[in-house]
Amino acid sequence: MLLSLFIHFSTPSRCLPIKTCKRCCQYSTGRNIHKVDTPVLLKNALPLTFNRSGGHGGKQKYIRLNSSQKRCFSSECDEVCHHHEHGEVRVRFAPSPTGFLHLGGLRTALYNYIYAKKYGGSFILRMEDTDQSRLVPGAAESIEDMLEWAGIPPDESPRGGGQYGPYLQSQRLSLYSQAADSLVQTGKAYHCFCSQQRLELLKREALRSGQTPRYDNRCRHLRPDQVEEKLDQKVPHVIRFRLESGVEPFNDLVFGWNRHEVAQVEGDPVVMKADGFPTYHLANVVDDHLMKVSHVLRGSEWLISTSKHLLLYRALGWKPPVFGHLPLLLNRDGSKLSKRQGDIYIQSFQRSGALPEALLDITTHCGSGFNSNRVGRKMEELIAEFNPSKITTHSALLDLDKLAEFNKIHLQQRIDDAVQRDWLVRDLQGRIQEVYGTQVQDQDVLQPDYITRVLHLRKGHISSVSDLVSSEYSYLWVRPSFSDQQMAALSSETQHIATLVIRLMEGLKGARPQCSRDDGIIGTQ
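Under mature numbering (1 follows the signal peptide of the UniProt record, and there is no 0), the residues of the sequence shown are numbered -15 to -1, 1 to 510, in order.
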């Protein structure tokens, strides 16, 4: 149970009701989430007080801000962390259509979808297509197709639209331009006229001296008249964000308290490129703010960039969302999943007969964030068992060799479900016609009743419906056909055997099969 308290800032009119986790004393005012030590009376404490009586005449106790990086795993803290001023939880999956959806992207989308449905919120699909030179034709449409196939359809998307669209960044350029101009006008950003040649020289010099390449912030020190002169001359330029020291720590939902003094290790980053397109750092901040995203759940590779993004939020005068960085999804041997592995793309799993629920099950089973870790969970069970406080920081190791077993379990569940079984029948009909085509002489094998009987008979023996169109099961769909040469290679008596079999099938009277003493084959007498 959460302990209801009040924070008193200076006057009674600014006293806000809060919720506090009794285990870690993290508290939420509905406007911010903070971390504090166990409440104690402090000398020279910060002017933050709480009053258990709810009034202002009681004894004041001071709260000391906690600088530790520890993370609380209590369910009370979970309730505090997911409290948000907008009421509705809004999360987003924002892939770049420079490639097709792969397992790592599907996992990120899945956790966002489950998070939204767990807390009654919305799941947004946004395409970050600002890198125009690397766009893959058809990738954006395919990503949305695969999300729908996987059973995690977005509530708002480029195809479906929504209140805060458009959902393609290339259609939102004026919004980024306005934000960049605002940063320049307030002195938080500046025009940079450095040529590509100069930047390359800086990089080479840094590498030669064993240092990490970084921009030297040269254009930060240009006088206003110099900037105006270059702009009048239409000198190509970018806009860079002025990094400042004094980054505030943030409480990540997974990794706990973090802060990175980016100004000490990086040069001022580009936020608007010369072609008028924004970089990721500006675009995602602008979009998340305007789309009212409440929680950002993304890969842990972005954890170190979050302090930079928080500086942008502060410079723009906006309240940031809550951040949670998901641990990496790796191969079983600990190596990184590579897009060059053709078999990690969702389309290849779809073509091979993998069921979407099996893919979702195996990607969550190898990770964390759930109250149980059993095989065979469906979406509604994943949502019910989801617990963000159980997401661990260590990487998830994915063993795709186990996918066949996961698929077998979910295939059995589908066969036993009348609605899902109808989908399997239609899928298998299409596969039979695709593989065997005109070889199917008896159209009865394509009838739903026949295919349903086959599915029930082979349930538990097959891992995928694609198994049923392999050569091992071809006899189910086409009549066996052998040439005379193939038959002769089996036995010199093949013609005699064939004749006897035909006579048996015709039901000739007086034909009783038995073993012939003379030739050792089936004969009659």
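Just so you know, even glycine gets a beta-carbon here, dropped at the ideal spot from N, CA and C.
*asked:* So that I know if they touch, is there some Cβ in chain C lying closer than 8 Å to that of L132?
replied: Judged by its chain identifiers, the structure shown contains no chain C, having just a single protein chain.
*So P305 packs on L295, CB below 8 Å; how close in whole Å?*
6 Å
*Do you know whose CA, among G422, S180, S466, I487, lies nearest V220's CA?*
S180
*Measure the C-alpha to C-alpha separation of L238 and T423 and round it to an integer number of angstroms.*
57 Å
*Where M490 falls: helix, strand or coil (DSSP)*: helix
*How far does the beta strand (DSSP E) with W242 in it reach, from first residue to last?*
241 to 243
*What is the DSSP secondary structure of M472, reduced to helix, strand or coil?*
helix
_Delimiting residues of the alpha helix (DSSP H) encompassing residue 543_ = This structure cannot speak to residue 543, because the chain is shown only from -15 to 510.
*Exposed or buried, which one is residue 512 when buried takes at least 16 other CB atoms within 10 Å?*
Here the chain covers residues -15 to 510 and nothing more, so residue 512 does not appear.
_Neighbourhood of A124 by C-beta distance below 8 Å, restricted to the same chain and skipping five residues each side_ = P82, T83, G84, F85
*asked:* Taking the alpha-carbon of E246 as reference, which of V255, F235, G352, V256 has the nearest alpha-carbon?
replied: F235
*Use the C-beta contact count for L385: other C-beta atoms within 10 angstroms, 16 or more gives buried, fewer gives exposed.*
buried
*asked:* Beta-carbon within less than 6 Å of R77's beta-carbon, same chain only, minus the 5 sequence neighbours each way: which residues are those?
replied: I109, R111, V278
*Can you give me the Cβ contacts of V255 inside the same chain, cut-off strictly under 6 Å, excluding the 5 residues immediately before and after it?*
V223, R225, T264
*Write down every uninterrupted run of the alpha helix (DSSP H) in the region 255 to 321 whose length is 4 residues or greater and which is fully enclosed by it, in chain order.*
265 to 275, 291 to 301
*Where C177 falls: helix, strand or coil (DSSP)*: strand
*When S459, G172, G252, P209 are compared against R203, the one with the closest alpha-carbon*: G252
*What did DSSP end up calling R443 once you bin it into helix, strand or coil?*
helix
_Identified DSSP bridge partners for A381_ = L314
*Output yes or no for whether 8 Å exceeds the beta carbon distance between L409 and I400.*
yes
*Evaluate contact between the region 349 to 360 and the region 149 to 161, counting only Cβ atoms and requiring at least three cross-stretch pairs below 8 Å.*
no
*asked:* Helix, strand or coil for L110? Go by DSSP, reduced to three states.
replied: strand
_Can you list, in chain order, the residues of its chain with a C-beta nearer than 8 Å to that of H71? Leave out the 5 residues immediately preceding and following it._
At H71, the pLDDT of 46 sits below 50, so the modelled position is not reliable and the matter cannot be decided from this model.
_Give the list of continuous beta strand (DSSP E) stretches no shorter than 3 residues that lie fully inside the region 155 to 240._
174 to 177, 223 to 226, 235 to 237
_Rounded to whole angstroms, what is the Cα-Cα separation between Q117 and Q154?_
11 Å
*How should P293 be labelled, buried or exposed, when 16 other C-beta atoms within 10 angstroms of its C-beta is the threshold for buried?*
Checking the sequence, you will find Lys at residue 293 rather than Pro. Buried.
_Given this structure, state the Cα-to-Cα distance separating M490 from N392, to the nearest angstrom._
40 Å
*asked:* Looking at R208: is its Cβ nearer than 8 Å to the Cβ of Y175?
replied: no
_K258 versus Q218 - alpha carbon distance_ = 18 Å
*Distance, Cα to Cα, D166 vs L160?*
10 Å
_For R416, the three-state DSSP class (helix, strand or coil)_ = helix
*Note down the Cα distance separating Q156 from R299, rounded to an integer number of angstroms.*
25 Å
*So the beta strand (DSSP E) V76 belongs to, where does it begin and stop?*
75 to 78
*Hey, L88 and L322 are a contact pair by Cβ (cut 8 Å); roughly how many whole angstroms apart?*
6 Å
*My understanding is that T115 touches G284, with C-beta atoms under 8 Å, so please give their C-beta distance in whole angstroms.*
That belief does not hold up - the Cβ atoms of T115 and G284 are roughly 18 Å apart, past 8 Å.
*Can you grab the Cα-Cα spacing for the pair V425 / P465, in whole Å?*
11 Å
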